[in-house]
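S.K.: If you're matching them up, the sequences are chains F and L in order. At position 141 of the first sequence the residue is numbered 192 (the working numbering), and the sequence of numbers has no breaks. At position 198 of the second sequence the residue is numbered 378 (the working numbering), and the sequence of numbers has no breaks. Even glycine gets a Cβ: it sits at the ideal position worked out from N, Cα and C. Bear in mind that the values here come from a model prediction, so they are computed numbers and not experimental data.
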Amino acid sequence: MTDSSDISTDRRTSTPAKRIRTLGWLLRRIGGGVFVLWMVATVIFFALRLIPGDPIDAILGGPGSQASAEAVEKIRLDYGLDQNLIVQYFLAMAKLAVADFGTSYALKIPVAPYVLTQLWSTLVLTIAALLVAWIFALGLTLATSGRGRLARAVGSGLELVAAAVPHFWLASLLIIVLSNTLHWLPPISVAGPLGLVLPVLTLALPLTGFLGQVMRESLINAYEQPFVLSARARGESEWGVRLRHVLRHAALPGISLSGWAFGSLLSGAVVVETIFARPGLGRTLLSAVSIRDIPVVTAVALLSALTFILMTIATDVVDRIVDPRLTKVSEQ
Amino acid sequence: MTEILAGRLTQPSGAPRGSRGWRRSASNLGVVFALVTLALIMVAALAPQLLTTGQPNDVAPGDAFQGPSPEHFFGTDESGRDVYTRVVFGAGNSLLIGVAATVVGLSLALLLGALGGLGNRLGDFVSTRIVEVMFALPGLLLALVFIAIAGPGVVTSTVAVGLSTAPGYARIIRSQLRSVRNAGYVEAATVLGHSRLRITLQHILPGALSPIFVLATLGVGQAIVWASSLGFLGLGVAPPAAEWGAMLSSGRTYIDVAWWLTVFPGLAIVATAASFTVLGRALNARTRQEVGK
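#1: Locate the alpha helix (DSSP H) running through L/N362, then write down its first and last residues.
#2: If we cut at 8 Å on Cβ distances, does L/F305 have a partner in chain F?
#3: Give, in chain order, every residue of the region 300-325 of chain L whose Cβ lies closer than 8 Å to some Cβ of chain F.
#4: Under the three-state reduction of DSSP, which class applies to F/P277: helix, strand or coil?
#5: Between which two residues does the alpha helix (DSSP H) carrying L/W439 extend?
#6: Among L/I310, L/Q246, L/A219, whose alpha-carbon lies nearest the alpha-carbon of L/A350?
#7: Can you tell which of L/L290, L/R432, L/A453, L/L410 has its C-alpha closest to the C-alpha of L/L322?
#8: Of all Cβ atoms in chain L, is any one closer than 8 Å to the Cβ of F/I33?
#9: Give me the chain F residues within the contact set of L/T457, using Cβ-Cβ distance strictly less than 8 Å, ordered along the chain.
#10: Mind checking which residues open and close the alpha helix (DSSP H) that includes F/P106?
#11: Quick check: the Cα distance between F/R283 and F/S269, rounded to an integer number of angstroms?
#12: Is there a Cβ of chain L sitting closer than 8 Å to that of F/T168, yes or no?
#13: Helix, strand or coil for F/T66, going by three-state DSSP, please let me know.
#14: For L/D238, which of helix, strand or coil comes out of DSSP?
#15: With 16 other CB atoms within 10 Å as the buried threshold, where does F/D151 fall?
#16: Of the choices F/A350, F/L224, F/A98, F/R343, whose alpha-carbon is the least far from that of F/P164?
#17: Where does the unbroken alpha helix (DSSP H) through L/Y264 begin, and where does it stop?
#18: Which runs of the alpha helix (DSSP H) spanning at least 4 residues fall entirely within the region 204-249 of chain F, listed in chain order?
#19: Look at L/S455 and L/T217 and say whether their C-beta atoms are less than 8 Å apart.
#20: Check each residue of the region 433-452 of chain L: if its Cβ is closer than 9 Å to any Cβ of chain F, include it; give the result in chain order.
#21: Counting only C-beta atoms, is F/S155 closer than 8 Å to chain L at any point?
#22: Using the C-alpha atoms, what's the distance from F/T173 back to F/Q139?
#23: Report yes or no: do the region 245-252 of chain L and the region 295-315 of chain L share at least 3 C-beta pairs separated by less than 8 Å?
#24: Please say whether L/V366 and L/I384 have beta carbons closer to each other than 8 Å?
#25: Under 9 Å between beta-carbons, which chain L residues line up against F/A336? List them in chain order, please.
#26: Measuring straight from C-alpha to C-alpha, what distance separates L/F253 and L/V267?
#27: Any beta carbon from chain L within less than 8 Å of F/A352's own beta carbon?
#28: For chain F, check one thing: does any of its Cβ atoms lie closer than 8 Å to the Cβ of L/S430?
#29: What residue does the alpha helix (DSSP H) around F/D370 start on, and which one ends it?
#30: Which residues mark the beginning and the end of the alpha helix (DSSP H) in which L/A426 is found?
#31: Tell me, please, whether the region 215-230 of chain F touches the region 431-440 of chain L by the rule of three or more beta-carbon pairs shorter than 8 Å.
#32: Give me the chain F residues within the contact set of L/G247, using Cβ-Cβ distance strictly less than 7 Å, ordered along the chain.
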């Protein structure tokens, strides 16, 4: 981003050559994404086999089960665990390639539909948190960026603290203040939108801190650009300048950060779902790792890797739309 | 987080000229606060007996669940242990884990980053793909699987946290090395006919690695938060030991009756993490000034 021309006046002209270049760029990104997914599956496959203990125990419900030797042998054959590890690996990859995630060791139900229902719950949480964080961060930076020193100091101080707060502690504080003291909200997640408030706030507030910090920096940068001066010289109102020119500039790093945040919200979801006893991918993952439910862990890992990859590509696409300069310089 | 770090390290500061003065004084005040906090935490870590007379595991069942008072600043827990004393003694554990995890993460990242930033095209390809895969795996998943393999404990959770922070560092180190490699003074040294090894050791590494000190400072705070999250999930330091995350984990059971068990260890984590961030940023601003814009 060395070019500092005004992105809002730099209109795109769509030529066939450009479209082909964009298409090639997109195809390369998708190809790279597929490769990363395969590598993730490989890493997970071998890492899970390194966990001490026999996977048979997970299928039989723990090492304490009194299964007969024949039963163990039968399961070993049924699940293909008698084969050479390399053979098992290629069989597993072949199944994953056609989106066959197998059966959960512990629950004995097909993994794909089970994990998808869990994903839905986590997606609702994550998207809501991302939206709330954007609204808070935009409000905070826009309200405090042009103002006096006190407003700015308060704004950046809030962002700093928000970004340093661990999810699990914030969740506990919110429970103490909002449900135990003020009795406004239920302490654990109940069905309906009311139960979503605390988990969403828990995920959104630290994210607001991160988003706010990045956007404030680029907002301050944007105010110094010549195009702001020229917009002012054209007689645009202060809010017009802020919304039409400065904000667009400031949103860019926020968008890139959102892709990253969306992918990493799973880590936050593990803690939040555990605390608020909410179903979801995070809690599923935690319990699946602890009982060594290999198919479930694999599915969750691939699903979150896929989400991460799609989000990175999506944010890059949005970046290119918001900032047409990128289409000229991104081919390095 | 890493994107923010990357942005901060590569973009020149763009504060409006007129507002420099107040910004500096405000951030100076912040730096002073951060330094005082960190000094206190260092004292707590190295010589806890200077700050408290008790022992972290002194139980007094008769005194269980007392709120904050002059005798017990932060109240007492379910066994009547003094929470203030435990927070003080917990500093050592939490700080050690945070620093060690950052060292682990940075070492791994240096390997990957050097392969990508200094190696040939193949090396760069391999390192970039490894980093991409590590990024695509959620940090907590990496940590959870690693803990399942190695068994829970202090060393394991330290390595787990280091492992999950490594890809972010690696990406920054790589781009840093790349940009220095193309800098004018490196080109000049090449023209002068210096050997590749000499150029790498004498010019590229010192130029590229100075920001790593800043990264490490920023990273320690994050690592402490991460490690405490693992402790909270019951995967870190074993329960009787005083560690902030573990204290929060056991305090959670009594959240309805004893808020102080949750509030104070958490405050310690936030204060430490925020102080490291403030300090890291101040160092970053200074490095930039020295380098010149």
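M.R.: A quick look at the data gives this:
#1: No alpha helix (DSSP H) contains L/N362, which DSSP labels as neither H nor E.
#2: Residue contact with chain F for L/F305: absent (no Cβ-Cβ distance below 8 Å to any residue of chain F).
#3: Residues R309, E312, V313, F315, A316, L317, P318, G319, L320, L321, L324, V325.
#4: Residue state, collapsed to three classes: helix.
#5: Premise fails: L/W439 is in no alpha helix (DSSP H) and is neither H nor E.
#6: Nearest option by C-alpha distance: L/I310.
#7: Restricting attention to L/L290, L/R432, L/A453, L/L410, the CA atom closest to the CA of L/L322 is found in L/L410.
#8: The structure shown does not extend to residue 33 of chain F, since chain F is modelled only from 52 to 383, so the question has no answer here.
#9: Result: L211, A214, A215.
#10: Start and end: 106-111.
#11: The straight-line gap from Cα to Cα measures roughly 19 Å.
#12: At a cut-off of 8 Å, the C-beta of F/T168 has no neighbouring C-beta in chain L.
#13: Coil.
#14: Reduced to three states, the DSSP call for L/D238 is coil.
#15: It is exposed - the Cβ of F/D151 has fewer than 16 other Cβ atoms within 10 Å.
#16: Ranking F/A350, F/L224, F/A98, F/R343 by CA distance to the CA of F/P164 puts F/A350 first.
#17: Per DSSP, L/Y264 belongs to the alpha helix (DSSP H) from 263-298.
#18: If we require 4 residues or more, the alpha helix (DSSP H) runs fully inside the region 204-249 of chain F come out as 218-225.
#19: L/T217 sits close to L/S455, with the two beta carbons spaced by under 8 Å.
#20: Using a CB distance below 9 Å, the part of the region 433-452 of chain L facing chain F consists of I435, D436, W439, T442, V443, P445, G446, L447, I449, V450, A451, T452, ordered along the chain.
#21: For F/S155, the answer is no, since every Cβ of chain L falls outside 8 Å of its Cβ.
#22: Near 31 Å, if we compare the C-alpha coordinates of F/T173 and F/Q139.
#23: Inter-segment contact for the region 245-252 of chain L and the region 295-315 of chain L is absent: fewer than three beta-carbon pairs are separated by less than 8 Å.
#24: Yes. Within cutoff.
#25: One point to set straight first is that residue 336 of chain F is Leu, not Ala, in the sequence displayed. Close to F/L336, with beta-carbon spacing below 9 Å, are these residues of chain L in chain order: P318, L320, L321, L324.
#26: The straight-line gap from Cα to Cα measures roughly 11 Å.
#27: By this cut-off, F/A352 is an interface position.
#28: Answer no: the Cβ-Cβ gap between L/S430 and chain F never drops below 8 Å.
#29: Element bounds for F/D370: 345-373.
#30: Here the alpha helix (DSSP H) through L/A426 covers 424-431.
#31: Touching, yes.
#32: What L/G247 touches in chain F, judged by beta-carbon distance under 7 Å, is nothing: the nearest beta carbon there is about 13 Å away.
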